[in-house]
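What follows is a single structure, written as structure tokens, with notes after it.
Numbering (the UniProt record's numbering), first residue to last: 1 to 258.
If you want it as structure tokens, here you go:
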């Protein structure tokens with residue numbers, strides 16, 4: 001499977017997910033569902049790697065993507081301002097997406113998968129809640145929380161269908177992408193719950209930036225080593241390294257400093 005075919009499959013699944021959660025009023029007044037292609041890639045990775053795959057498995061993968069969208073929608077609600085129309089509808093959007101994924105799983109009588117996802121949602125929600133606490137967390141605790149937020153839902157899918165062999169690579173790459181987004185946000189003078197928590201621990205945004213840059217370098221080296229241990233096709237390895245986690249942040253920093 002070449003790069004164009006991989007892109008095409010991801011786009012096909014993305015289109016199906018967006019179609020499943022399409023609602024005209026919510027689409028008009030909210031930012032719409034968040035469907036990250038990197039997450040979709042890892043949900044479909046067993047298919048790309050020629051593992052057992054079926055219509056029901058793909059339906060479950062799409063459902064997990066909708067769960068991510070539901071949780072992301074709730075994250076977009078600002079708790080420190082009075083809820084305006086967009087904020088109120090964003091809450092409703094998260095609830096709407098939640099109803100869609102339960103409906104999809106119920107239609108396949110996949111009660112066991114529903115139970116696994118419900119457990120994963122509780123764990124993710126607990127970790128997200130920790131970012132609202134005023135308690136200072138160590139960077140190891142923050143890092144562990146981010147890993148779980150990014151991968152717990154995916155792992156519920158992997159564990160259910162026997163795809164655990166991809167778990168370590170998935171946590172490396174999805175965490176890498178999360179820290180990439182956090183770094184970009186920080187460098188644009190933005191703010192997020194995770195960044196606030198990191199800066200609370202490290203005391204200064206420059207220290208947070210340094211930690212993120214070092215973390216990205218460390219993750220990328222481990223990604224290279226881990227990919228090398230898998231018997232992926234050349235095209236699949238190339239896609240992961242150049243489309244999922246392109247490593248450019250250190251070069252960008254050196255360019256700015258130079």
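Here a beta-carbon is modelled for each residue, glycine too, at the ideal position from N, C-alpha and C.
It should be emphasised that the depicted structure is a prediction, and the values quoted were computed from it without experimental measurement.
Assign residue i to one of three DSSP states: helix, strand, or coil.
| i | result |
| --- | --- |
| residue 177 | helix |
| residue 230 | coil |
| residue 85 | Summary for residue 85: the model assigns pLDDT 47, below 50, so the residue's position carries little reliability; its value from the coordinates is reported in the next sentence. Correct three-state label for residue 85: helix. |
| residue 163 | coil |
| residue 63 | helix |
| residue 116 | helix |
| residue 214 | helix |
| residue 260 | The structure shown does not extend to residue 260, since the chain spans only 1 to 258, so no value can be given for it. |
| residue 191 | coil |
| residue 7 | helix |
Rounded to whole angstroms, what's the CA-CA distance from residue i to residue j? Just pull it up for me.
| i | j | result |
| --- | --- | --- |
| residue 59 | residue 215 | 34 Å |
| residue 186 | residue 220 | 20 Å |
| residue 136 | residue 196 | 11 Å |
| residue 19 | residue 236 | 27 Å |
| residue 70 | residue 126 | 15 Å |
| residue 246 | residue 168 | 18 Å |
| residue 189 | residue 179 | 15 Å |
| residue 238 | residue 133 | 41 Å |
Can you give the beta carbon distance from residue i to residue j, rounded, assuming they're within the 8 Å contact cut?
| i | j | result |
| --- | --- | --- |
| residue 44 | residue 9 | 6 Å |
| residue 149 | residue 171 | Incorrect: roughly 11 Å between the Cβ atoms, too far for contact. |
| residue 138 | residue 199 | About 14 Å; that fails the 8 Å criterion. |
| residue 39 | residue 174 | 7 Å |
| residue 166 | residue 158 | 6 Å |
| residue 16 | residue 232 | Actually they do not touch by this definition, with Cβ atoms about 25 Å apart. |
Start-end ranges of the alpha helix (DSSP H) lying completely within the stretch 118 to 169, minimum 4 residues:
139 to 161
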